[in-house]
Amino acid sequence: MQRLAFDTEKIAVLAQAIAVSEELISDFYKISTSEWKRYRYDIQSLSGLDEEEVADDAFAQIRRYFRRPGERTRGSEPGDFFKICIQDHVIRRAVERDKGIGLFPLTAYIVTHELIHVVRFAKFVQRFDSTAAEQDAEEKRVHAITFDLLQRTRIPGLPEVLEAFKDCRTMENFI
Numbered sequence: 000m001q002r003l004a005f006d007t008e009k010i011a012v013l014a015q016a017i018a019v020s021e022e023l024i025s026d027f028y029k030i031s032t033s034e035w036k037r038y039r040y041d042i043q044s045l046s047g048l049d050e051e052e053v054a055d056d057a058f059a060q061i062r063r064y065f066r067r068p069g070e071r072t073r074g075s076e077p078g079d080f081f082k083i084c085i086q087d088h089v090i091r092r093a094v095e096r097d098k099g100i101g102l103f104p105l106t107a108y109i110v111t112h113e114l115i116h117v118v119r120f121a122k123f124v125q126r127f128d129s130t131a132a133e134q135d136a137e138e139k140r141v142h143a144i145t146f147d148l149l150q151r152t153r154i155p156g157l158p159e160v161l162e163a164f165k166d167c168r169t170m171e172n173f174i
């Protein structure tokens, strides 16, 4: 599979999807702007990923680090840092394959889903390092939350994405 990163135009669409998703998650979980600092995460597309952060079988990959890569922290500082690794090439393939699926609504769905995971991990509602059965159950819960949250959102093309992925139970890999 050819791994083509998003161009500048598609990165702008992803950035818009991230902004919308963060706002939806803020409203849903009642997270203030200052509280977002507690949720140590970053979202990177393909061009910002290391080779081990690239996957060919999922829209995204959540990597847990004990600190932000390249960041020095003191021993007393909390360490868990989550990196949402957006797999441009997998998303691009889905958009090209399914003509009714647009890039903006699909990336809004993916990012919203991944941010729900991050919040749940950060609030210790779900452990990151869980068994395969627990991960499967968590994936089903997050999928249902994402579906319910986005079902009430008026984003052009989103109903088509929700319909296409209503039975999907795996969005990402956890590493």
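Under numbering that gives the first Met the number 0, read the sequence shown as residues 0 to 174, first letter to last.
For every residue, glycine included, the Cβ atom is placed at its ideal position computed from N, Cα and C.
Treat the numbers as computed from the prediction; the structure is a model and nothing was measured.
Residue i burial status per 10 Å Cβ neighbour count (16 or more: buried)
i       : result
Arg-39  : buried
Pro-104 : buried
Phe-65  : exposed
Phe-123 : exposed
Glu-137 : buried
Thr-32  : exposed
Asp-26  : exposed
Glu-113 : buried
Lys-82  : buried
DSSP three-state assignment for residue i, whether helix, strand or coil
i       : result
Arg-62  : strand
Phe-103 : helix
Phe-164 : coil
Ala-57  : coil
Lys-36  : helix
Gly-74  : Caution is warranted here: a pLDDT of 49 is assigned to Gly-74, below 50, making its placement in the model unreliable, and the coordinate value is therefore given only provisionally. Coil.
Delimiting residues of the alpha helix (DSSP H) encompassing residue i
i      : result
Tyr-40 : No alpha helix (DSSP H) holds Tyr-40; the beta strand (DSSP E) holding it covers 40–43.
Phe-80 : Taken as a continuous stretch (DSSP letters only), Phe-80 belongs to no alpha helix (DSSP H), being part of the beta strand (DSSP E) at 80–85.
Leu-3  : Note, Leu-3: premise wrong, no alpha helix (DSSP H); not H, not E.
Rounded C-alpha distance that separates residue i from residue j
i      : j       : result
Ser-75 : Gly-47  : In this predicted model, Ser-75 has a pLDDT of only 44, less than 50, meaning its place in the structure is not dependable enough to derive any value.
Val-94 : Ile-10  : 15 angstroms
Arg-37 : Leu-45  : 25 angstroms
Glu-51 : Asp-147 : 32 angstroms
Cutoff 8 angstroms: residue i Cβ touching any chain B Cβ
i      : result
Ala-93 : Protein chains in the displayed structure number just one, and chain B is not present.
Go through the segment 111–162 residue by residue and report every complete run of the alpha helix (DSSP H) that reaches 4 residues or more, in order. Counting whole runs of 4 or more residues, the segment 111–162 contains the alpha helix (DSSP H) stretches 131–150.
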